[in-house]
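*Asks:*
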Amino acid sequence: MATAPNQLPTESQVSTPHAASRLSINVDLIAVTIALALAALIRFNLIPAIPF
Amino acid sequence: MSAHTIPNPTTSPAPSPAARFGRTIPGMALLFGVGLLGKVFEHTTTVLHAHHPAWPLPHIEYVLWAIILGLVISNTFGVARIFQPGVATYELWLKLGIVLIGARFLMQDLFHIGGRTLGLVAIELVLSLTVMTLLGRIFKLPPKLTSLLSIGSSVCGVTAIMATQGAIDSSEEDTSTAMAAILTLGAIALFTFPAIGHALHMSQQSYGIWAGLAVDNTAEATVTGAIYGDAAGRFAVLAKTARSSFLGFVVLGYAVYWAGQGKAAVVENKALFLWQKFPKFVLGFIAISVLATAGFFTHGQLTSLSNLSRWAFLPAFAGVGLRTNLKDLVGQGWRPLVVGILGEIFIALVTLGLVYWSFNYGVSQ
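First to last, the sequence lines map onto chains A and B.
Just so you know, our numbering puts 50 at position 50 of the first sequence, and the rest follows in order with no gaps.
The number in our numbering is simply the position in the second sequence, starting from 1, with 1000 added.
The structure is reproduced here in structure tokens:
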């Protein structure tokens, strides 16, 4: 097998394509859920203004 | 010993969600630590420059600092095993940042700029798929590796390759090689694109859309845009998101082709296949944009959401540096890399021309 392109575990190292697909969907859904939850908290002033 | 008495090797209990989360904490701390250090370096050089204008200090944005620090750690000490699960969460932070940045785009902007960008994406897709396929044949690459490189360079890099891997039943070797080529080209783009953008005096909008159209991997496209400027980063995300939304259609096309050749499983339910391959974070990006357009948030709340997206991008930028091992990248075969480089140069030039033509010679805002 060719050298792995990076040193970190990637989705391609998950045992089956189905598992890789599930992992990707999970990351997307977690990201969307967190983002919508944060948006709701900000909308209803449950967290203060966020500087950067 | 009879077969019935062989101990089952899979009896060890799977780690609980809490244990799996616990394993990611050191790596997440490293991601945020490197990102914050990038911000500290940017602030320090700015203060030093203000107090000592004669000192030859380069003004480097925190984005680039985070990547450089990540690259230095990854390529000198390496990323220890304890940090690896957490560093792999960079993709989650990246997608969280992309969804939240939807607050900076009103729907009318999405229809206006996004509509034009979708047209450019369609042209880019056709050209890059055609050119990569031709180059793969010229350089006699294995056909499935050519398919993976074509999809990776036309849609969204590693994510597209992983989505295609199962659909066309490609080998692990072809998948690894295609991913290595795409990651190498992404690393090159991080440093070449901003230099070209500055040399051509491109506007933030034009440069960002160019980066989103021409850089393959979502993480590298976002970083390549953000290095040029905050607005360029947002436009890069917009163009990249438009490109990603084509993922299901392109993968389906290749799956049907390889099934027709008898070298991949037949796709029974095409609508379900499209839904499964569609990147769901795009829906989140649109949902936040719809809420912002509907006046759901005040101006101050929109600013907070925008700042939150920057905080989410901070560890993602660090992760791009930390997961890039230059030694591994140059250790791959030369032919896929040559095909990738030639194809990417072509795509970069064509998309640059398209952006110049469609966005008022690159100077409109």
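Built from N, CA and C at the ideal position, the CB exists for glycine as well.
Anything in the region 31 to 45 of chain A with a Cβ closer than 9 angstroms to a Cβ of chain B? List those residues in chain order, please.
*Replies:* In summary, the residues of the region 31 to 45 of chain A whose CB is separated from some CB of chain B by less than 9 angstroms are 31, 32, 33, 34, 35, 36, 38, 39, 42, 43, 45, in the order they occur in the chain.
*Asks:* Using the Cβ count rule (16 or more neighbours within 10 Å means buried), how would you classify residue 1268 of chain B?
*Replies:* exposed
*Asks:* Since residue 1307 of chain B meets chain A, which of its residues come closer than 9 angstroms, beta carbon to beta carbon?
*Replies:* 49, 50, 51, 52
*Asks:* Along the alpha helix (DSSP H) that carries residue 1055 of chain B, what are the first and last residues, could you check?
*Replies:* No alpha helix (DSSP H) holds residue 1055 of chain B; DSSP gives it neither H nor E.
*Asks:* Pull up the distance between the alpha-carbon of residue 1105 of chain B and that of residue 1292 of chain B, whole angstroms please.
*Replies:* Using only the alpha carbons, I get a separation of about 8 angstroms.
*Asks:* Can you tell which of B/1099, B/1352, B/1051, B/1038 has the C-alpha that lies nearest to the C-alpha of residue 1215 of chain B?
*Replies:* Minimum Cα distance to residue 1215 of chain B is reached at B/1352.
*Asks:* Mark residue 1309 of chain B as exposed unless 16 or more other C-beta atoms lie within 10 angstroms of its C-beta, in which case mark it buried.
*Replies:* buried
*Asks:* Would you check if there are 3 or more beta carbon pairs closer than 8 angstroms linking the region 1139 to 1146 of chain B to the region 1165 to 1177 of chain B?
*Replies:* yes
*Asks:* Output yes if chain A places a C-beta closer than 9 angstroms to the C-beta of residue 1032 of chain B; else output no.
*Replies:* no
*Asks:* For residue 1218 of chain B, count the other beta carbons within 10 Å of its own beta carbon; 16 or more makes it buried, fewer makes it exposed. Which is it?
*Replies:* buried
*Asks:* Can you look up residue 1137 of chain B in the DSSP assignment and give me helix, strand or coil?
*Replies:* helix
*Asks:* Let me know if residue 1048 of chain B comes out buried or exposed under the rule of 16 or more other beta-carbons within 10 Å of its beta-carbon.
*Replies:* Result: exposed.
*Asks:* For residue 1208 of chain B and residue 1323 of chain B, I'd like the C-alpha separation in whole angstroms.
*Replies:* Between the alpha carbons of residue 1208 of chain B and residue 1323 of chain B lies a distance of about 23 angstroms.
*Asks:* Could you pull the start and end residues of the alpha helix (DSSP H) that residue 1234 of chain B belongs to?
*Replies:* Counted as a single uninterrupted DSSP element, the alpha helix (DSSP H) harbouring residue 1234 of chain B occupies residues 1230 to 1244.
*Asks:* Which residues of the region 1307 to 1321 of chain B have a Cβ closer than 8 angstroms to any Cβ of chain A? Give them in chain order.
*Replies:* 1307, 1308, 1310, 1311
*Asks:* Can you tell which of B/1290, B/1347, B/1342 has the C-alpha that lies nearest to the C-alpha of residue 1107 of chain B?
*Replies:* B/1290
*Asks:* What in chain A is Cβ-close to residue 1018 of chain B, meaning under 9 angstroms?
*Replies:* Those within 9 angstroms of residue 1018 of chain B in chain A number zero; the least Cβ separation is about 16 angstroms.
*Asks:* Report the neighbours of residue 1096 of chain B on chain A: residues whose CB is nearer than 9 angstroms to its CB, in chain order.
*Replies:* 30, 31, 32, 34, 35, 38
*Asks:* Could you round the C-beta distance between residue 1336 of chain B and residue 1149 of chain B to whole angstroms and report it? I think they count as a contact, below 8 angstroms.
*Replies:* 6 angstroms
*Asks:* Using only alpha-carbon positions, find the residue among B/1191, B/1348, B/1359, B/1314 that is nearest to residue 1033 of chain B.
*Replies:* Among B/1191, B/1348, B/1359, B/1314, the Cα nearest to that of residue 1033 of chain B is on B/1314.
*Asks:* Taking a contact to mean a Cβ-Cβ separation below 9 angstroms, would you say residue 1042 of chain B touches residue 1061 of chain B in this structure?
*Replies:* yes
*Asks:* Within the 9 angstroms Cβ cut-off, does residue 1009 of chain B reach chain A?
*Replies:* At residue 1009 of chain B the pLDDT is 49, less than 50, meaning the model places this residue with poor confidence; the figure from the coordinates comes in the next sentence. Not one beta carbon of chain A lies nearer than 9 angstroms to the beta carbon of residue 1009 of chain B.
*Asks:* Taking all protein chains shown into account, do 16 or more other C-beta atoms lie within 10 angstroms of the C-beta of residue 1019 of chain B, making it buried, or fewer, making it exposed?
*Replies:* exposed
*Asks:* Report the three-state DSSP secondary structure of residue 1112 of chain B (helix, strand or coil).
*Replies:* If DSSP states are grouped into helix, strand and coil, residue 1112 of chain B belongs with the helices.
*Asks:* Measuring straight from C-alpha to C-alpha, what distance separates residue 1270 of chain B and residue 1252 of chain B?
*Replies:* C-alpha separation (whole angstroms): 8 angstroms.
*Asks:* With DSSP run on the structure shown, which of helix, strand or coil describes residue 1210 of chain B?
*Replies:* helix
*Asks:* Does the distance from the CB of residue 1167 of chain B to the CB of residue 1264 of chain B come in under 9 angstroms?
*Replies:* yes
*Asks:* For residue 1133 of chain B, which residues from the same chain have a beta carbon less than 7 angstroms from its beta carbon, with the 5 sequence-adjacent residues on both sides left out?
*Replies:* Hits under 7 angstroms: 1146, 1150.
*Asks:* With distances taken between CB atoms, is the gap from residue 41 of chain A to residue 1099 of chain B smaller than 9 angstroms?
*Replies:* no
*Asks:* So, with DSSP's three-state summary, where would you put residue 1194 of chain B?
*Replies:* helix
*Asks:* Between the region 1338 to 1351 of chain B and the region 1112 to 1132 of chain B, can you find at least three pairs of beta-carbon atoms closer than 8 angstroms?
*Replies:* yes
*Asks:* How is residue 1205 of chain B classed by DSSP in three states: helix, strand or coil?
*Replies:* helix
*Asks:* For residue 1298 of chain B, report the span of its alpha helix (DSSP H) as first-last.
*Replies:* That residue, residue 1298 of chain B, is in no alpha helix (DSSP H); it is neither H nor E in DSSP.
*Asks:* Using three-state DSSP, classify residue 1333 of chain B as helix, strand or coil.
*Replies:* coil
*Asks:* With residue 1288 of chain B and residue 1102 of chain B assumed to form a contact (beta carbons below 8 angstroms), what rounded beta-carbon distance in angstroms separates them?
*Replies:* 3 angstroms
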